[in-house]
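Okay, structure first, notes after.
2 protein chains.
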Amino acid sequence: MSTGEPSILAISGSLRPESLNTMLLRALGEFVPSTIRYEVVNDISALPFYDQRLEVDPPSSVLDLRSKVHEAHALILASPEYNYSYSGLLKNALEWLSRPVGSAVLEHKPVALLGAAPGLYGTVRAQAHLRQVLHGTNSVVLRRPEVYVNEASKKFDDTGKLIDPTARSLVEQLIHNLLSHLPENFEAA
Amino acid sequence: MSTGEPSILAISGSLRPESLNTMLLRALGEFVPSTIRYEVVNDISALPFYDQRLEVDPPSSVLDLRSKVHEAHALILASPEYNYSYSGLLKNALEWLSRPVGSAVLEHKPVALLGAAPGLYGTVRAQAHLRQVLHGTNSVVLRRPEVYVNEASKKFDDTGKLIDPTARSLVEQLIHNLLSHLPENFEAA
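Top line first, the protein sequences correspond to chains V and A. Start counting the first sequence at 19; every next residue gets the next number (my numbering). Start counting the second sequence at 19; every next residue gets the next number (my numbering).
This is the structure in structure tokens:
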């Protein structure tokens, strides 16, 4: 299990600097208690494509991300929806984080999902697929609330602050529920 | 639409040289009529991770694969199942092949799915996710037969020939059905 200060790691499944999902993850910082370290990983493209042959001696990019996830008490994942599913970029990272089988950093890890999209559906299909993947990795995925930030370009102000009341309420609940998975002494923080 | 000699392009979602899925795609060659060109792409790791910013001037790896898919009259996709879904590697390629919207090479392209795995389920979950993705890309995905080559390491001989009678029969039917999507003058080939 993770040790050290309580922490949450957020990983974005997009690479664009102006990504709505990365923006959403950054905006979550406002909702995380100051006693809990919160970090957003916004570029997982340094990982190679998953290749079992590299498991013998994984590159440092893989070891670094595995170490970050291992140290974190909980994860938050946000993926853009491409072609009715999650991004290949994010799935590739999950491949690395799900090995080696039996001691993978995703096993038993509390994970919250959310997503943002310009259209009406707010990554609902991508998140449904991700839930199946994270069942495969034996992670502890929050069931509620489901957070689909649709028409997302209207829901932030110029500084990246989340301003939509419904979205704010859902995100607040999500963080609250995720904190309940942190070790007991951190819950009151 | 594609022109030139009738052709089928097969893409593997794995990188390992000894991949069961790549082996399966190679074994399909036996079932494709000799008048039809059949090519297996067994390494799509030269593509960068999908990034919308690169759409202005895509790298040659992207243009090359788009061109191959554009020229092919039909596609066959085989993905390993990682964490109850398709590989991030294959999804990343599909991202590139699904852009630009409106003129993407995957639109209206006939696609057959199949897969092989050492276990009992033969990539059934990965293929279910892929079907949703390929509905997103507006591709023409064969409905039947569904081909899940389970316990696949037992089903090839030392030369890579598919020897399991059930698998051979299904694959034969798959190719037959896929050929019916080729232009009419090629069907009799």
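Note that CB positions come from ideal geometry on N, CA and C, so glycine has one too.
Separation of residue j from residue i, as counted between CA atoms
i      : j      : result
A/S97  : A/G31  : 4 Å
V/I181 : V/F174 : 5 Å
A/L33  : A/N60  : 7 Å
V/E57  : V/S79  : 17 Å
V/L112 : V/V50  : 24 Å
A/A92  : V/V151 : 29 Å
A/Q191 : A/E48  : 13 Å
A/A170 : A/D176 : 13 Å
V/P201 : V/P24  : 8 Å
A/P118 : A/D75  : 12 Å
A/L188 : A/P163 : 7 Å
V/R186 : V/T155 : 29 Å
A/M19  : A/P128 : With a pLDDT of only 49 at A/M19, under 50, the local geometry of the prediction cannot be trusted, and the value read off the model is given with reservation. Rounded to the nearest angstrom, the two C-alpha atoms are 11 Å apart.
V/S116 : A/P35  : 22 Å
V/L81  : V/G22  : 19 Å
A/K172 : V/P77  : 33 Å
A/S52  : V/R44  : 56 Å
V/H153 : V/F67  : 22 Å
A/G178 : A/T184 : 16 Å
Per-residue DSSP class, three states only, for residue i
i      : result
A/F67  : coil
A/E73  : helix
A/E57  : strand
V/S157 : coil
V/S187 : helix
V/L93  : strand
A/I29  : strand
V/A206 : Note that V/A206 has pLDDT 45, beneath the 50 cutoff, so the model's placement of it is unreliable and no number is given.
V/V165 : coil
V/A130 : strand
A/L46  : helix
V/L83  : helix
V/S103 : strand
A/L16  : Here chain A covers residues 19 to 207 and nothing more, so residue 16 of chain A does not appear.
V/L38  : helix
A/L200 : coil
V/L152 : helix
A/L180 : strand
V/N195 : helix
A/P24  : coil
Assumed close pair residue i, residue j - CB separation to whole angstroms, cut-off 8 Å
i      : j      : result
V/N101 : A/L107 : About 15 Å; that fails the 8 Å criterion.
A/I193 : A/L95  : That pair is no contact at about 14 Å.
V/L46  : V/Y104 : That pair is no contact at about 19 Å.
A/A144 : A/G133 : 6 Å
Proximity of residue i and residue j at Cβ, strictly below 8 Å
i      : j      : result
V/L42  : V/V167 : yes
V/I62  : V/L83  : yes
V/H199 : V/V158 : yes
V/L160 : V/W114 : no
A/T40  : A/E99  : no
A/L196 : A/A130 : yes
The ligand ATP heavy atom lying under 7 Å from the CB of residue i
i      : result
A/D175 : Only the bare structure without any ligand can be found here, which leaves the ligand ATP out of the picture.
Proximity test, Cβ basis, 8 Å: residue i and chain C
i      : result
A/S105 : The question asks about chain C, but that chain is absent: this structure's protein chains are V and A.
Stretch-stretch touch, CB-based, cutoff 8 Å, three pairs: the region 135–149 of chain A with the region 55–71 of chain A: no
Given 8 Å, three or more beta-carbon pairs between the region 80–88 of chain A and the region 111–126 of chain A: yes
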